[in-house]
Every structure is written in C-alpha cells, then in structure tokens.
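Asks:
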Amino acid sequence: MSWKKWPYWLRGGIIAAVIVILTLLIFWWCVEHTKGDSAIGCLAYIYPIVFPYIMLQDLLDIIFDNHDFLDLFPSVTIFILASIGFWFVFGALIGLIFDYRKAVRDIVAKK
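The structure is reproduced here in structure tokens:
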C-alpha cells in the first residue's frame, strides 16, 4: 500500500512522530558537537520533546494528586517515547480533520 493511499490520520501521525524524532536527533548531534557555553543554543531543539510535559503538567497534577509528573517516567527513554506518542496522536487528530473535510467536500461536489 503506497503512502498516498494511507488514511490522512495515519500520515499525520507518522509525520508528527518523525518530526519529533528528527528534532531529537538534531538535539543530540548539537550537544555532542558543541562545547561549553555554545551548547546552550541546543536547548531550542528540545522543545517538541518537553512540550507535552509543559502542556499537561497541571492536568496530571490534578489527576495524580500533585505528584511530580516525572515520577511517572522513570527514565528518559520512556519520557521520549511518551512524547513521540503524544505527537503521533496530535498529528493523527489533524489528519482526521483533513480526512473529514475531504469527505465533506466530496459529498458537496456530488450534489
């Protein structure tokens, strides 16, 4: 099955997850190849990984009775996988919206 025949939700999810993975690789490369104070500039690349934590922190504090959100993620690997999963779902939701708009447009065009 070719890429163009995949549903929009799947394409959106994969695109969002790949963007986060590429951003993480760029961050890792930047940290490995810069020295001293210039490595601080690499922090700009970590935003997509940390964004779900920033966005969901208050909600999760309420749900988990004010426990530290990072207690849920005992390792950095799990934190990164959770972030990739978050962005996959976000991209899939955007893909669903595009799929819905395309279906409505096709129905209107048939009338």
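According to the working numbering, the sequence shown is numbered sequentially starting from 4. For glycine and all other residues, C-beta sits at the position ideal for the given N, C-alpha and C.
Please report how far the alpha carbon of H36 lies from the alpha carbon of T26, in whole angstroms.
Replies: 15 Å
Asks: Roughly how many angstroms separate the alpha carbons of F30 and K7, rounded to a whole number?
Replies: 30 Å
Asks: Whole-angstrom Cβ separation of Y11 and F91, contact assumed at under 8 Å?
Replies: With a Cβ gap of about 14 Å, Y11 and F91 do not count as contacting.
Asks: Hey, quick one: how far does the alpha helix (DSSP H) through T80 stretch, first residue to last?
Replies: Residues 79 to 113.
Asks: Can you give me the C-alpha to C-alpha distance between I24 and Y50, rounded to a whole angstrom?
Replies: 12 Å
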